[in-house]
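Q: Structure incoming, see below.
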DNA sequence: TGGGTATATGCTCACTTCGAGTATAAGTGC
DNA sequence: GCACTTATACTCGAAGTGAGCATATACCCA
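Residue numbers (this note's numbering), protein chains in the order written: chain C, 1 to 370; chain B, 1001 to 1370.
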């Protein structure tokens, strides 16, 4: 229903986009579903995601659509519609993630994106928009600590941080050092798997995320503005430590530095980072993992999947003790013989726990390693 | 900048409202800031919040405004603008809460609300919209357990739940019983202070929240639709237990049952419930309490405020051990002599903890009582 | 002046949880 | 049979949690 003119000023309305971060897992690989840029908003003019203004052609993006007032009674219904249209996947878990609304997140017009997190069991996809599963850690190579500290941190990130600190005005040095330490677990700080978004934003400012370089060419002020709002659970918290870096003429990026990880169109990689952060945070206190697993599974498989999302290896014996104590699963009585060793018991998720305990999750308090 | 017609279909745009849940504390009372309905969206036609369609005149509502494309580079800037215009309060913490977008949350047109949580230190307010501090627990009397189990639970809520269960079809009984037990900590389930929104939604369905009755008169389907999306951290999780109650002709509300708690206009009390839930959840792992406290405070005062938000009394000695162990505060060296007993040491918040530990909060794992 | 009361603060103790290691069970392939 | 792989069980010390007891220092009032 169009808003009646004279009652609604043109300023007061904006396009409302819906974005879906669809997550699954296959083997030990956490997966993100992307589509071709041209397909995300079918029927749009050219000039949207994938062309040169957005950072070169061929960038994938998140499945998205605009809210359709006649079809979508609720936002979630809208997202369900778009997921089923573009991918056909049955979604097992839905959660609103964050609403992105910076003025210039889409060049040329004001467009909000209400982003949703969706979990599905893995299956091959096809659809109008060439949907494709992507390894999450190809987008965020620094987030995968399962095989130890990712080499990209020492090779590229720490040097960039040091250069950034070296170029800092003295009054900013302390703040910046603190921020870098905390975000990447340097010095005395420990790596916190959950701070995915903080890390992405810092790398973005350091021009180590490729979108930054492209966007920067269009004008530094815009690039800086895009970074300012901070979604997710760590929301406004960090603002208290003093204002974050404003647009800062002093620091010049290395010309066209190699971007780290595979970029997505526009701010979609940022949205994906917010989703990974939310997912990791939830692992500890909500039984969300089970939504990407089949009906029955072995404990090793469960651990594999948790490790895939957490980006961290876990202590095997403690993991099963935790799962046992949490009463999250029950044995089906069957066995998986394909283990290559002793057969593993198969388990199923006990949905009843949802009513038994306030916050049923694998109580991974600090997502502790092995 | 107006969207150019012909490019944007009328369906794809909606009004974007911004809502602020401004929270503070005075004494032992947690506070929510409301304004007169007519002031929330100045310059609107009549027919918005406070008139009879919304549940009777005189209902207060949350401070709100529409996104102004020319003024608000980001959503957060927009909320800052509206808070400062309508209340003049200096906000110390900001966090995006949830985006509400059901078709009929505002009668007559599609309007999104992007809600923000804001924390301020208490001070008297005045402004164009008659801003007023409200006791949070007058809106949600069942949430305050500081002086034991609130009488309203046994007097009104449990009877209503029992009537609801008695009127249930047999195949729904189990699901409904589970839901009620879990939500209100009946039987074997424990009361979980965080599940504020679950409780509000159940009471809403039971017609114990006043907005429901008013809205119901306009048409049951609409009322049911408004309940469907579930914001906050417990987002989609509960959907897994099977679909929630759909619009259900079988259960008839008692005619005009006494509403529990003070209602707000439209769905604003729901938004406030989401905010309280978020705040309670955050207490444990982010040092947000300090944003409503003055620079220096006694440990008892700190505990008082935590208890006010948590709605639960805490064990004093353990609380101070927790605070001490968390290294969240440091003594100022001064004392508060107005205690009426032994003078209390004054402390200040150590902002450095934000960089030392991943999730610095009062580690109230289960918000454990005394 | 001294006791009663209120508040603040320090400490103990049993119990649970957590991290890490060691040991055993039960399959496969040769 | 053996070597190898994976699954599962159990142990033990360190740290954290919940509850209570004890002490310190103010005020009030007889």
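Think of the CB as a built atom: it goes at the ideal place given N, C-alpha and C, for glycine as much as any other residue.
Go ahead and pull the three-state DSSP assignment for residue 1193 of chain B.
A: DSSP places residue 1193 of chain B in coil when its eight states are reduced to three.
Q: Here's the rule I'm using: 16 or more other beta-carbon atoms within 10 Å means buried, otherwise exposed. How should residue 84 of chain C be labelled?
A: By the neighbour-count rule (16 or more Cβ atoms within 10 Å), residue 84 of chain C is not buried but exposed.
Q: Using the Cα positions of residue 1229 of chain B and residue 1338 of chain B, report the straight-line distance between them to the nearest angstrom.
A: The predicted position of residue 1229 of chain B is uncertain, since its pLDDT is 38 and thus under 50; no value can be drawn from it.
Q: Along chain B, which residues have their Cβ under 9 Å away from the Cβ of residue 29 of chain C?
A: What residue 29 of chain C touches in chain B: nothing, since even the nearest Cβ is about 23 Å away.
Q: Starting from residue 97 of chain C, follow the beta strand (DSSP E) in both directions and report where the run begins and ends.
A: Counting along the chain, the beta strand (DSSP E) containing residue 97 of chain C begins and ends at 93 to 100.
Q: When you compare only the Cα positions, how much space is there between residue 1161 of chain B and residue 77 of chain C?
A: Their backbone Cα atoms lie some 29 Å apart in a straight line.
Q: When the Cα of residue 153 of chain C is compared with those of C:200, C:318, C:66, C:115, which residue comes out closest?
A: It is C:200 whose Cα lies nearest to the Cα of residue 153 of chain C.
Q: Give every residue of the same chain whose Cβ lies closer than 7 Å to the Cβ of residue 373 of chain C, excluding the five residues on either side of it in the sequence, and list them in chain order.
A: Residue 373 of chain C cannot be examined here, being either before or after the span of chain C that is shown, 1 to 370.
Q: Does the segment 101 to 116 of chain C touch the segment 133 to 148 of chain C, meaning 3 or more C-beta pairs lie closer than 8 Å?
A: No, the segment 133 to 148 of chain C does not touch the segment 101 to 116 of chain C.
Q: Could you tell me whether the Cβ of residue 1289 of chain B comes closer than 8 Å to any Cβ of chain C?
A: No, because no Cβ of chain C sits closer than 8 Å to the Cβ of residue 1289 of chain B.
Q: If you measure from the beta carbon of residue 412 of chain C to each beta carbon in chain B, is any gap under 8 Å?
A: No answer is possible for residue 412 of chain C: the residues shown for chain C start at 1 and end at 370.
Q: Determine, using beta-carbon pairs with one atom in the segment 1184 to 1195 of chain B and one in the segment 1256 to 1272 of chain B, whether at least three such pairs fall under 8 Å.
A: The segment 1184 to 1195 of chain B vs the segment 1256 to 1272 of chain B: no contact.
Q: What does the Cβ neighbour count give for residue 1037 of chain B, buried or exposed, with the cut at 16 atoms within 10 Å?
A: With 16 or more Cβ atoms within 10 Å of its Cβ, residue 1037 of chain B is classed as buried.
Q: Would you give the residue range spanned by the alpha helix (DSSP H) that residue 181 of chain C belongs to?
A: 170 to 184 is the span of the alpha helix (DSSP H), which, as asked, contains residue 181 of chain C.
Q: Expressed to the nearest angstrom, what Euclidean distance is found between the alpha-carbon atoms of residue 1225 of chain B and residue 1206 of chain B?
A: Confidence is the limiting factor: at residue 1225 of chain B the pLDDT is only 35, short of 50, which leaves the residue's position unreliable, though a coordinate-based value still follows. Computed Cα separation, rounded: 15 Å.
Q: Taking 8 Å as the threshold (beta carbon to beta carbon), is residue 311 of chain C in contact with chain B?
A: Residue 311 of chain C does not count as touching chain B.
Q: Could you spell out the range, first to last residue, of the alpha helix (DSSP H) harbouring residue 133 of chain C?
A: It is not in any alpha helix (DSSP H) - residue 133 of chain C instead sits in the beta strand (DSSP E) that spans 132 to 135.
Q: Please name the residues in the segment 74 to 97 of chain C whose beta-carbon is closer than 7 Å to at least one beta-carbon of chain B, in chain order.
A: Taking 7 Å as the Cβ-Cβ cut-off against chain B, the residues of the segment 74 to 97 of chain C that qualify are 74, 75, 76, 93, 94, 95, 96.
Q: Take residue 1115 of chain B as the anchor and find which of B:1030, B:1171, B:1063 has the nearest alpha-carbon.
A: Among B:1030, B:1171, B:1063, the Cα nearest to that of residue 1115 of chain B belongs to B:1063.
Q: What are the partner residues of residue 348 of chain C, as DSSP defines its beta bridges?
A: C:296, C:330, per the DSSP bridge assignment.
Q: Does the beta-carbon of residue 108 of chain C, which I'm using as the reference point, lie nearer than 7 Å to any heavy atom of the ligand COA?
A: Absent from the structure shown: the ligand COA. Ligands present: none.
Q: Residue 26 of chain C by DSSP, collapsed to three states: which one?
A: Reduced to three states, the DSSP call for residue 26 of chain C is strand.
Q: Under 9 Å between beta-carbons, which chain B residues line up against residue 114 of chain C? List them in chain order, please.
A: Ordered by position in chain B, the residues that pass the 9 Å Cβ test against residue 114 of chain C are 1099, 1101, 1112, 1114.
Q: Can you look up residue 233 of chain C in the DSSP assignment and give me helix, strand or coil?
A: Low confidence applies here, because residue 233 of chain C scores a pLDDT of 39, under 50, leaving its location unreliable and the question unanswered by this model.
Q: Using the C-alpha atoms, what's the distance from residue 1341 of chain B back to residue 351 of chain C?
A: About 51 Å.
Q: Work out the CA separation of residue 193 of chain C and residue 261 of chain C for me, nearest whole Å.
A: Rounded to whole angstroms, residue 261 of chain C to residue 193 of chain C spans 17 Å at the Cα level.
Q: From B:1032, B:1183, B:1151, pick the residue whose C-alpha is nearest to that of residue 1125 of chain B; which is it?
A: Checking every option, the nearest Cα to that of residue 1125 of chain B belongs to B:1032.
Q: From residue 1119 of chain B to residue 1278 of chain B, what does the alpha carbon distance come to, in whole angstroms?
A: Going from the Cα of residue 1119 of chain B to the Cα of residue 1278 of chain B covers about 12 Å.
Q: Considering only C-alpha positions, which residue in the set B:1314, B:1266, B:1264, B:1029 is nearest to residue 1284 of chain B?
A: Checked all of B:1314, B:1266, B:1264, B:1029; the closest Cα to residue 1284 of chain B is B:1314.
Q: Buried or exposed for residue 18 of chain C, going by 16 or more other Cβ atoms inside 10 Å?
A: The residue is buried, with at least 16 neighbouring Cβ atoms inside 10 Å.
Q: Answer with buried or exposed for residue 14 of chain C, where buried requires no fewer than 16 other C-beta atoms within 10 angstroms of its C-beta.
A: Residue 14 of chain C should be labelled buried.
Q: Look at the alpha carbon of residue 1098 of chain B and the alpha carbon of residue 1105 of chain B, and state the distance between them as a whole number of angstroms.
A: Their backbone Cα atoms lie some 14 Å apart in a straight line.
Q: Across which residues does DSSP place residue 336 of chain C in a beta bridge pair?
A: Per DSSP, C:344.
Q: To which residues of the same chain is residue 138 of chain C closer than 7 Å at the C-beta, ignoring the five residues directly before and after it?
A: Excluding residues within five positions, the ones whose Cβ falls inside 7 Å are 261, 262.
Q: What do you reckon, are the CB atoms on residue 60 of chain C and residue 35 of chain C nearer than 8 Å?
A: Yes, they are a contact pair.
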